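Heads up: the sequence shown begins at 29 in this note's numbering, then just goes up one per residue.
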Amino acid sequence: MKFHVLTLFPEMIVQGLSPSIIGKAVEKNIIALDAVNIRDYTLERHGKVDDAPYGGGAGMLMQAQPVYDAYRAVAGDRKIRTVYLTPQGRRFDQKMAREFAGEKEMILLCGHYEGIDERVLEEIVTDYVSVGDYVLTGGELAAMVVIDAVARLVPGVLGNGASAQEESFHNDLLEYPQYSRPEVWMGKSVPSVLLSGNHKEVEKWRLEQSVERTRTLRPDLYRRYEQRQRLIGRLSKDKRNQIPLMECLAGGQGRIVGTVGEDVAVYHRESGVCMIKASSAENGRYLLGVCPQEARRYLVSRDFMRNLLLERGYRELLVCRQFLYTRKVPLPVRHKDIRRLDAESLSCIIALCGMQNRAYLKERLCAGALYGAFVEDRLVGFAGVHAAGGVGMLYVAEDFRGNGVGASLESYVINRMLERGHIPYGHVEPCREAALRLQEKLGLYQAGDTFYWLEKQE
Ligand code: 4FN
């Protein structure tokens, strides 16, 4: 991703970000940062870029011409998302950061003095964005806030370990308190549970702390959290059918976009998947209406839902049976050399299974969600966790099939899911007989309706 910043103080942007992780990512060419000095584009002598406002009043305004020419020098005839940092803008938040992270390129425009001539703003700005309610001397710090928040979402900027951490991030909850050495500082001890070595107790304590902090400090976030927990409680009465929805909510990545009675639509933004539980076509129609525009895929489990989507021009991707692993005990893994894969394995994966689904596999790889089986350092198979939470993507090299590599891979992924407190589930097409047999062999049982995956036609 490329950030262009139009500013009177380019060194503020470049030097401000260069010591940080964002600066390292620039050095590694994972992102690009191009700070453009608006003053370089003035046609007036002495580098003048400002003038007094018509109608009078205090202070000066940045003039339209240098801003426009700097913009054209960057954008040419291309249409690029252009953000003006201004106190009048929409408040910047994590959702907006995610949206911007989907762009290939963006332009950030920083104001100075009393602001910028309205006419050039009308001409070039696509988004007005504010970082908060306080007076600043210029838009540069605001632009740096936006760049920092957006850039860290670009795959590779934080590296594998950190992006995997987001998986366990309890959305809607504030962070719990943390402690490091020494054990006693200024007479204050580290809470004893953290020294107990009991992983389960530690997790429980941390969740309690997060919940309590959120309840007292951020009642707005807490309401969302409570609504989600209540829904998970209701869905758990129909676990066999509702595991994907429950998992998506429990993971903290699913957003409830609508409810009618006992029915609900949940949007999983990372995968662009909408999951709908509807008990009637009427409710289904309503819930489809409230799903976000950007939803690319739907997971539904009733014929009338499937038909509603087909009527709306969606394409059927898969018709699946659902398998659940409801025991808590880890599965034995016979194949010894299985490891988490990183972005460098992409070429091995493509060599193994061809180019199909390349973009999706790359995305899962960068998210740290794929695991590989090796024989003498050769990748002979892989499996992982889908963006929406299911276990799958199982593939074994033809000359290694029938050796239990597939069973080991799936068992390994299931064990990782169990460690993180998930209920492992998978969707398998009825025609894939080997995969169906494997599910039974591993002790997963078929549960619930037939599930339909449908995709928006591009
Ligand atoms: N600020 C307020 C009201 C009126 C003016 C300001 C103010 C920099 C060019 C804009 C400020 C805050 C958050 C950009 C503030 C932001 C700016 C931002 C910003 C110089 C004109 C100015 C009521 C919000 C206190 C100066 C409120 N996010 N004017 O600060 O650019 O992006």
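Don't be surprised by glycine CBs; every beta carbon is placed ideally from N, CA and C.
Keep in mind it's a predicted model, so treat the numbers as computed, not measured.
When the five nearest sequence neighbours on each side are left out, the beta carbons in the same chain lying within less than 8 Å of the beta carbon of S264 are those of Q270 and M274, in order along the chain. With 16 or more other Cβ atoms inside 10 Å of its own Cβ, A98 counts as buried. Here DSSP, grouped into helix, strand and coil, assigns I108 to coil. Distances taken from the Cβ of E142 to the heavy atoms of the ligand 4FN include one shorter than 8 Å. Straight across, the Cα-Cα distance linking Y253 with E391 is about 28 Å. E231 counts as exposed, since fewer than 16 other beta carbons sit within 10 angstroms of its beta carbon. Less than 9 Å divides the Cβ of K356 from the Cβ of L446. Pairing L346 with E457 gives a Cβ-Cβ distance under 9 Å. In the three-state scheme derived from DSSP, where H, G and I count as helix and E and B as strand, Y388 is classed as helix.
When DSSP states are grouped into helix, strand and coil, I175 belongs to the helix group. Going by C-alpha positions, V77 is about 56 Å away from Y399. The closest CA to that of L352, considering only F120, H455, T478 and N443, is found on H455. Taking the CA atoms as reference points, R334 sits about 41 Å from V153. Spanning the alpha carbons of L113 and V424 requires a straight line of approximately 50 Å.
Rounded to the nearest angstrom, the gap between the Cα atoms of F37 and G167 is 10 Å.
Judged by DSSP secondary structure, L464 falls within the alpha helix (DSSP H) whose first and last residues are E461 to K469. Per DSSP, M383 lies in no alpha helix (DSSP H) and is assigned neither H nor E. Of the heavy atoms belonging to the ligand 4FN, at least one sits nearer than 8 Å to the Cβ of D161.
If you draw a straight line from the Cα of D477 to the Cα of A309, it comes to about 16 Å. Under DSSP, the beta-bridge partners assigned to V294 are I284 and M303. Of A323, F402 and P81, the smallest CA-CA separation from N431 is found for F402.
Ranked by Cα distance from A278, the options R106, L169, K30 and R448 are led by R448. The C-alpha of L470 is placed about 8 Å away from the C-alpha of L359.
Under the three-state reduction of DSSP output, T244 falls in the helix class. Taking 8 Å as the cut-off, the C-beta of V95 does not count as close to any heavy atom of the ligand 4FN. Annotation for V157 indicates a beta carbon within 8 Å of some heavy atom of the ligand 4FN.
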